[in-house]
Amino acid sequence: MILILVGAPGTGKGTQGKLLAKKYNIPTISTGDILRAAIQEQTELGKKAKSFIDKGELVPDDVMIGIIRERLDADDCTNGFILDGFPRTVKQAEALEKLFEKNHLILDHVIGFDLPEEVIVKRLSSRRVCSKCGKDYNLITNPPPPDMRCEKCGGEIIQRSDDTEETVRNRLRVYAEQTSPLIEFYQSRGKLRKIDADGTIEDIQNKLVEFLENNK
Ligand code: AMP
219 MILILVGAPG TGKGTQGKLL AKKYNIPTIS TGDILRAAIQ EQTELGKKAK
269 SFIDKGELVP DDVMIGIIRE RLDADDCTNG FILDGFPRTV KQAEALEKLF
319 EKNHLILDHV IGFDLPEEVI VKRLSSRRVC SKCGKDYNLI TNPPPPDMRC
369 EKCGGEIIQR SDDTEETVRN RLRVYAEQTS PLIEFYQSRG KLRKIDADGT
419 IEDIQNKLVE FLENNK
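If you want our numbering, it's the 1-based position in the sequence shown plus 218.
Spelled out as structure tokens, the structure:
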């Protein structure tokens, strides 16, 4: 199964992607996670990506397309994968389409996560993540332990540097300008399924699984 998750930051793509990956035993490929790991490891890619991420801007298309091209070649992708955060521009989507064609891969569905902006801003300002394994927490809906140590790996739980109010606003603007045209791109290819992403993690997961099971 090959899925693409599209939606503004804070709509729950990452959380749902990880749950679906577990259920269907395929990897979830989050370009945001790949870039954050590169920043932590201080690689050349990390150094390049940091200035864009900190401002809430997109990392250049050619860099991102190169990352995905390499990642999809890995052995764990042979039974399918879930893309979370890629593509983010029409140029990336076109490059991905060419890559699928070349590798004889068939995209099953694109899930479009819909959520009102006020809910997104509230969610992102209360979002916390483990700095080591990336596990998501939320001060309101899924509070971290009092010592702020990850219950999965013991890493420190922090606020992402791009979840500050100013950067969030910029990320939403960038989403509206550069990423939302993907909705039409995939709609025109008959691949898009929109879902209302306002609900509990379990409710949304159930909705997704029901859709995927009925549309194999
Ligand atoms: P995310 O974790 O998906 O919210 O991504 C965090 C940040 O990483 C974004 O705000 C961008 O700066 C960068 N990023 C992640 N994926 C992409 C992509 N496909 N294209 C360009 N920049 C990206």
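Ideal Cβ placement from N, Cα and C applies to all residues, glycine included. This one's a predicted model, so the numbers in the text were calculated from it and none came from an experiment.
Excluding the 5 residues flanking it on each side, proline 363 has same chain C-beta neighbours closer than 7 Å at Glu369, in chain order.
Counted as a single uninterrupted DSSP element, the beta strand (DSSP E) harbouring glycine 225 occupies residues 220-225. Leucine 253 has its Cβ nearer than 7 Å to a heavy atom of the ligand AMP.
Burial is judged here by how many other beta carbons sit within 10 angstroms of a residue's own beta carbon; lysine 240 has fewer than 16 and is exposed. Residue pairing of glycine 330 in beta bridges, as defined by DSSP: Val224, Lys412.
Burial is judged here by how many other beta carbons sit within 10 angstroms of a residue's own beta carbon; lysine 434 has fewer than 16 and is exposed. Considered as a whole, the segment 240-307 harbours 249-258, 262-273, 279-289 as its complete alpha helix (DSSP H) runs of no fewer than 4 residues, in chain order. For asparagine 356, the CB contacts under 6 Å within the same chain, skipping 5 residues up- and downstream, are Ser344, Arg345 in chain order. In terms of Cα proximity to aspartate 332, the closest of Arg367, Ala313, Val427, Gly417 is Gly417. With respect to the 8 Å criterion, aspartate 293 and proline 245 are not classified as neighbours on the basis of their beta carbons. Here the alpha carbons of glutamine 377 and cysteine 371 stand approximately 17 Å from one another. In this chain, the alpha helix (DSSP H) harbouring arginine 341 covers 335-343. From the listed residues Phe299, Leu410, Arg254, the smallest Cα separation to cysteine 351 is found for Arg254. Per the coordinates, the alpha-carbon of isoleucine 247 lies some 11 Å from the alpha-carbon of isoleucine 220.
Counting only the Cα atoms, aspartate 326 lies some 34 Å from glutamate 259.
Distances between the C-beta of valine 224 and the heavy atoms of the ligand AMP are all 7 Å or more. Following the DSSP letters along the chain, one finds tyrosine 404 inside the alpha helix (DSSP H) bounded by residues 399-405. Between the segment 399-411 and the segment 282-292 there are fewer than three inter-stretch CB-CB distances shorter than 8 Å, so the stretches are not counted as touching. In this structure, DSSP gives aspartate 365 a state outside helix and strand, which the three-state scheme calls coil. Judged by the Cβ position, glutamine 310 qualifies as a neighbour of the ligand AMP at the 7 Å threshold, a heavy atom of the ligand being closer than this.
Between threonine 229 and isoleucine 338 a beta carbon distance of about 7 Å is seen, short of the 8 Å cut, so the two are scored as contacting.
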